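J.:
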Amino acid sequence: MLQKSDGQCLVQEQGKTTRLAVLADLHLPQGTERLRRAVAAVEAEKVDAVLVAGDLTQRGEEWEYAEWLRWKKRFAVPVFCVPGNHDVGDKGEVTGERLARYESQVGPSFFAVNVGAVRVIGLNSLLFGSGLEKEVEQWAFLSSELCHPASVPLSSATSVTTLSQYRTDRPRVVFLHHPPFRVQLDEKADYWNIDPESRRRLLDLFEANEDRICGVLAGHLHYPTALAWNNVPILVAPAVSFGLPEGKQPEGWMLVTVTGNAVDFVVREF
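Per numbering that gives the first Met the number 0, the sequence shown runs over residues 0 to 269.
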């Protein structure tokens, strides 16, 4: 299902380039030494932002979040995070208490922000199928983000250099912990993917707004891979902490560049 062996999933070539560092599965405090390498490597790449695709911590304890926040300060660019199952609980076990702890320590578990020329949409994949009130809120939020033009608000941390940049709709990059599927679109629900009902609803939203979505970024698998669905690349970053199977998959991170609606990526191994 990988469309291009050279690491490119091209939709359309135009506009400014935005560089994103995608880190996943830190599992602090376990991944401390490799996170140190990631900070140095990301700084050398001169990215516009860092996206952390879940599992910041091993158990979602307050002291683990405190350690992450200390590490976060070492990045010279904005850092945006979504939760993983180690942060807020496995599918079917997410509780309001753990979710509240994450949001009080890290920030909203789903959100949207402008980075360079791209609209980044962060989702909490553990809400899918949870039955929590926040799941309803997230579906409404995602529908609104995908169906309406993404202008640049005056409060954005990204500078606005031209009036046309302010008015122009932006390509969307969606990032979350779980990939929608691991191998096949119709695969059964398991630990590694999003449940089929939520997956179908999510992909239907993507299909209805295909011209606005240039990529989906995820983690969780602990190995890098690239899939595609309806010309939308689904890129899974390697784990910072440890690969799976251990000793057979690399640790590292993923550099993603977006130019117009074209997405290019490269895996950086430690």
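C-beta: ideal position from N, C-alpha, C; glycine also.
All of these numbers come straight from a predicted model, not from anything done at the bench.
Measuring CB atoms only, is the stretch 198-205 touching the stretch 240-248, in the sense that at least three cross pairs come out at less than 8 angstroms?
T.: Too few Cβ pairs lie closer than 8 angstroms, so no.
J.: How would you call Thr94, buried or exposed, if buried means at least 16 neighbouring beta carbons within 10 angstroms?
T.: Classification for Thr94: exposed.
J.: For Ala52, write down the residues that DSSP places opposite it in a beta bridge.
T.: Its beta-bridge partners are Val81.
J.: Report the residue ranges of all beta strand (DSSP E) runs contained in full by the stretch 96-158; include only those spanning at least 3 residues, in chain order.
T.: Runs found: 110-114 and 117-121.
J.: In this structure, does DSSP put Arg169 in helix, strand or coil?
T.: Residue state, collapsed to three classes: coil.
J.: Val235 and Pro178: beta carbons closer than 8 angstroms?
T.: Yes, they are a contact pair.
J.: Whole angstroms are fine: how far does the CA of Thr258 sit from the CA of Lys15?
T.: For Lys15 and Thr258, the distance between alpha carbons rounds to 5 angstroms.
J.: From Val87 to Ala139, what distance separates their C-alpha atoms?
T.: One C-alpha to the other measures close to 21 angstroms.
J.: Checking the sheet assignment: what are the DSSP bridge partners for Gly251?
T.: Partner(s): Glu268.
J.: CA-CA distance, Val21 and Ser143?
T.: Roughly 24 angstroms separates the two Cα atoms.
J.: Using 10 angstroms around the beta-carbon of Gln183, count the other beta-carbons present and answer buried if the total reaches 16, otherwise exposed.
T.: The residue is exposed, with fewer than 16 neighbouring Cβ atoms inside 10 Å.
J.: Given that a residue counts as buried once 16 or more other Cβ atoms are within 10 Å of its Cβ, and exposed if not, what is Asp263?
T.: It is buried - the Cβ of Asp263 has at least 16 other Cβ atoms within 10 Å.
J.: Quick one: grab the DSSP three-state call for Ser163.
T.: Reliability fails at Ser163, whose pLDDT of 34 lies under 50, so the model's placement of it is uncertain and no value is given.
J.: To the nearest angstrom, report how far apart Ser108 and Phe79 are at their CA atoms.
T.: Looking at the two C-alpha atoms, the distance is approximately 10 angstroms.
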